Amino acid sequence: MSQPATETHRFEAEVDAVLRLVTHSLYTNREVFLRELVSNAVDALDKARILALAGEALRPVEGEPKIRILLDKDAKTISVEDDGIGMTAEEVRENLGRIAHSGTRRFLEEVAKGAKPDDASLIGQFGVGFYASFIVADRVEVDTLSARPDAVAVRWTSTGDGTYQIAPSDRTRRGTKVTLHVGERGQEFLDATVIERIVKRYSNFVLYPIELVDESADDAKPRRINATKAFWTRPPKEISDEEYDDFYREFMGGFLLPGDEPLTRLHFSMDAPIQFHALLYVPGRAPMELLGEASRGVALYARHVLVMERAEKLVPVYLRFLRGVVDSEDVPLNVSREAVQDHQSVSAIRRQITRKVLAHLDALAKDDRETFEKIWNRFGAILKEGIHTDNAHRDQLAKLLRYPTTTSGGALVSLDEYVASMADGQKAIYYITGASVEELEASPHLEACRERGIPVLLMTDPVDEWVVLNLTEYAGKPLENVRKGSWAGPDGATEDATDETADAGRIAHLIAKAKEVLGDRVADVRPSKRLRSSASCLVDPPDSLGHNMERLLEAARRPVTVRPKILELNPDHPLVRAAEKIAADAPDDEHLPLYVELFFDMAQLAQGTVADPAGVVRRIQTVMQEVLPPEVS
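If you read the sequence shown in my numbering, its first letter stands for residue 19, the second for the next number, and so on.
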């Protein structure tokens, strides 16, 4: 077949507009041009391999199919060459002269209105990855020879000025060679170490060898610069623990401090409903970005090519501490940072990963309690967020919850273990929330529970307030806050009206006086069934936010209406009985209001907040002056 004469063509309007955007430095991350060219080379090799397997007659290729990157600093060129399917003259016109995507015009219209997409959202999104070459090149040449036996070699050339030329080429090896004549804005890429870094970042695990030849060097020998195979595509049984650890170290930057080693890993592959491989690690310590600093996350690969280093939408927010890779044949390479959260393939992967990770953690909790508790101590507060945000997996997450209790001696207890340890007749799971275990252990609200041997969950993470808002029961047992409402005994029923009336009658005069003195600072004053050694405590009304939630919202400077609490008095406490006697025998005693205020002060102190510290000090001083010997006072 005769060689075609040189032809000059004009790009379609959309291509011309894209080229103008590219050459006017639309992009900030210019290095992605190399990712796109390597990915195109991979696609060309894949097509040739598939056709060969199907029995198609193709031009032979010597040696192993590979990708070559040729760097010439003197000539200021970067070339990417493959042994793939190549293109005919008609395919060159079709593939390099137009963009076959209906959304391109709409995209360009948005840009014209002032929208400025980032570098990843345009490159590849409408099949324009090849045109990213003009980010760094003043002229681009494509020499290609189709693998079809009767095809002839073709050269495509353009300076990005709106036209391109097609002419005969002297290429004799099947495949395609893209040569970039690098302009001023691309000089930094004429460095072999820069090229190697970019390849390792984006294309380290493609299926084919990538060789780099620095033609300007004295020893211009090809050297392979990518890994031998995508590590995560190998069957887990073929991979040693040492290999897993080495990969994690490489993934995390090549250096780990003592204690950074992963606590556990999960390596699996899925074929349906979507195909992907996943290799995920739980770090040995909390990643820095959990404290507000950037770090690696779960990286998304499409056909072994890096799409996103931190694909946050691959895992729910409560699994954001995971590190590793996900690679899928079903996720398009061009999925952008804006589109990833909405792409149906990514959503399907997320569901499968969530299910697998929670099942893995559950199995670990049963089979390796020590390792699971290390994970819980580091990331439990983050996992708890899922109780509030992920209704679909709330039951699985609830099984992972761990808390110390008033009877566990500091050991962490699961809700299943709590239910198994409930006292005879106990029908509710009791809990208390606060700032620390020490604070909660000293709370007067626990006194009756301790006396009856009833365990109480000690919840100290701020997120626990949202946990109990959403997890209202477990295993058919309601969760009840011992700070809130009327005390319910182990039989799950509140004290009957006869007992309550009898207790109220024992301190009726003091209750009446307390209501008079405290007024609207309390919602009510009543006898307590939860107190044993303490004289008083404050109880949250059943429909209130709760004391600890109010404290958290105030600390976050969020608007919150603090409702008055219920003051409970212990009718068996000597101080309460003494105050009751005064209230009954001398209701106008000038000291009685002071005693009421002190009961209120003690209750506030016990919960860790005092509205009027100076007033408390004055009242304490007054009482001390009265009891000190005359010669001292």
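Beta carbons are placed, not taken as given, at the ideal position from N, Cα and C, and that holds for glycine. All figures in this text were calculated on a predicted structure; none of them were measured in a lab.
- Message: Classify Val-316: buried if its beta carbon has 16 or more other beta carbons within 10 angstroms, exposed otherwise.
- Response: In the assembly as shown, Val-316 is a buried residue. Its beta-carbon has 16 or more other beta-carbons within 10 Å.
- Message: Is Gly-398 close to chain D? Criterion is C-beta to C-beta, closer than 8 Å.
- Response: Here there is only one protein chain, and chain D is not present.
- Taking the alpha carbon of His-199 as the point to measure from, which residue in Val-154, Gly-193, Asp-237, Phe-223 has its own alpha carbon closest? It is Val-154 whose Cα lies nearest to the Cα of His-199.
- How about Asp-652 and Ser-363: do their beta carbons lie closer than 8 Å? Any property of residue 652 remains undetermined from this structure, which presents the chain solely from 19 to 651.
- Message: Quick check: Thr-372 and Leu-382, are their CB atoms within less than 8 Å of each other?
- Response: Taking the C-beta atoms as reference points, Leu-382 is found no nearer than 8 Å to Thr-372.
- Inter-residue Cα distance where the pair is Val-50 and Val-60: Approximately 15 Å, taken between the alpha carbons.
- Item | Gly-115 in three-state terms, based on DSSP | In the structure shown, Gly-115 sits in coil (DSSP, three-state: anything other than H, G, I, E or B).
- Task: Please go through the same chain and pick out, in chain order, the residues whose beta-carbon is closer than 7 Å to the beta-carbon of Glu-403, but skip the five residues on each side of it.
- Result: Within its own chain, the residues whose Cβ lies closer than 7 Å to the Cβ of Glu-403, once the five positions on either side in sequence are excluded, are Val-335, Tyr-336, Val-481, listed in chain order.
- Message: For the ligand ATP, is there any heavy atom lying closer than 7 Å to the beta carbon of Ala-574?
- Response: Inclusion of the ligand ATP in the displayed structure is not the case, the ligand content being empty and no account of it being possible.
- Query: Going along the chain, which unbroken runs of the alpha helix (DSSP H) with 4 or more residues stay wholly within the stretch 191-266?
  - Reply: List check, alpha helix (DSSP H) in window: 210-220.
- Query: Among Asn-113, Asp-188, Phe-223, which one has its Cα closest to the Cα of Arg-53?
  - Reply: Closest in alpha carbon position to Arg-53, among Asn-113, Asp-188, Phe-223, is Phe-223.
- Can the beta-carbon of Ala-522 be found closer than 8 Å to that of Lys-583? Cβ atoms of Ala-522 and Lys-583: not closer than 8 Å.
- Item | Where the alpha helix (DSSP H) containing Leu-398 begins and where it ends | At residue 398 the sequence reads Gly, which differs from the Leu that was named. Segment 387-401, the alpha helix (DSSP H) holding Gly-398.
- Might you give, ordered along the chain, the residues of its own chain that have their beta carbon closer than 7 Å to the beta carbon of Gln-14, omitting 5 neighbours on each side? Because residue 14 is not part of the residues shown, which for the chain are 19 to 651, the question remains open.
- Query: Since Arg-189 and Asp-156 are thought to touch, with beta carbons under 8 Å apart, how far apart are those beta carbons, to the nearest angstrom?
  - Reply: With 8 Å as the limit, Arg-189 and Asp-156 do not qualify as a contact, their Cβ atoms being about 22 Å apart.
- Rounded to whole angstroms, what's the CA-CA distance from Val-594 to Ala-526? Just pull it up for me. Within the model, the alpha-carbon separation for Val-594 versus Ala-526 is close to 11 Å.
- Query: Mapping DSSP to helix, strand and coil, what is Ser-499?
  - Reply: Correcting the residue type first, residue 499 is Asn in the shown sequence and not Ser. Looking at Asn-499 - three-state DSSP - the assignment turns out to be strand.
- Item | Residue closest to Ser-346, alpha-carbon to alpha-carbon, out of Leu-612, Lys-445, Met-288, Phe-617 | Nearest of Leu-612, Lys-445, Met-288, Phe-617 to Ser-346, Cα basis: Met-288.
- Query: Hey, how far is the Cα of Glu-456 from the Cα of Asp-619?
  - Reply: Roughly 20 Å between the two C-alpha positions.
- Helix, strand or coil at Gly-537 [DSSP, three-state]: Gly-537: helix per DSSP, three-state reduction.
- Do you know how far the Cα of Ile-216 is from the Cα of Arg-3? The shown model of the chain, from 19 to 651, leaves out residue 3, and the question about it has no answer.
- Does the Cβ-Cβ distance between Ser-187 and Ala-171 come in under 8 Å? Contact flag set, yes.
- Which value, in whole angstroms, describes the spacing of the CA atoms of Tyr-492 and Ala-377? Within the model, the alpha-carbon separation for Tyr-492 versus Ala-377 is close to 19 Å.
- What residues in its chain sit with their C-beta under 7 Å from that of Pro-350, if we drop five residues either side in the sequence? In its chain, beyond the 5 residues on either side, Ala-320 have a beta carbon closer than 7 Å to the beta carbon of Pro-350.
- Query: Leaving out the 5 sequence neighbours to the left and right, which residues in its chain are closer than 6 Å to Glu-615 when beta-carbon positions are compared?
  - Reply: Hits under 6 Å: Arg-637.
- Query: Residues in its own chain within less than 6 Å of Leu-415 by CB, not counting five upstream and five downstream?
  - Reply: Only Gly-404, Ile-405 meet the Cβ criterion.
- Message: My output table needs one value for Ile-367: the three-state DSSP class, helix, strand or coil.
- Response: DSSP, reduced to helix, strand and coil, places Ile-367 within a helical segment of the structure shown.
- Message: For the alpha helix (DSSP H) containing Met-642, name the first residue and the last one.
- Response: Here the alpha helix (DSSP H) through Met-642 covers 631-645.
- Query: Cβ atoms of Thr-106 and Ala-169: under 8 Å apart, would you say?
  - Reply: Yes, they are a contact pair.
- Output yes or no for whether 8 Å exceeds the beta carbon distance between Leu-318 and Leu-340. It is not a contact, given that the beta carbons lie outside the stated cut-off.
- Task: Give every residue of the same chain whose Cβ lies closer than 6 Å to the Cβ of Phe-397, excluding the five residues on either side of it in the sequence, and list them in chain order.
- Result: Answer for Phe-397: Phe-339, listed in chain order.
- Query: What is the DSSP secondary structure of Ile-600, counted as helix, strand or coil?
  - Reply: Taken through DSSP and simplified to helix, strand or coil, Ile-600 comes out as helix.
- Helix or strand or just coil, what does DSSP make of Pro-276? Three-state DSSP puts Pro-276 in coil, outside helix and strand.
- Query: What's the C-alpha gap between Pro-592 and Glu-534?
  - Reply: Rounded to whole angstroms, Pro-592 to Glu-534 spans 22 Å at the Cα level.
- Item | Per-residue DSSP class, three states only, for Lys-583 | Of the three classes helix, strand and coil, the one that applies to Lys-583 here is strand, per DSSP.
- Measuring CA to CA, which of Thr-407, Asp-630, Leu-324 is closest to Arg-539? Its Cα nearest to that of Arg-539, the residue Asp-630 stands out among Thr-407, Asp-630, Leu-324.
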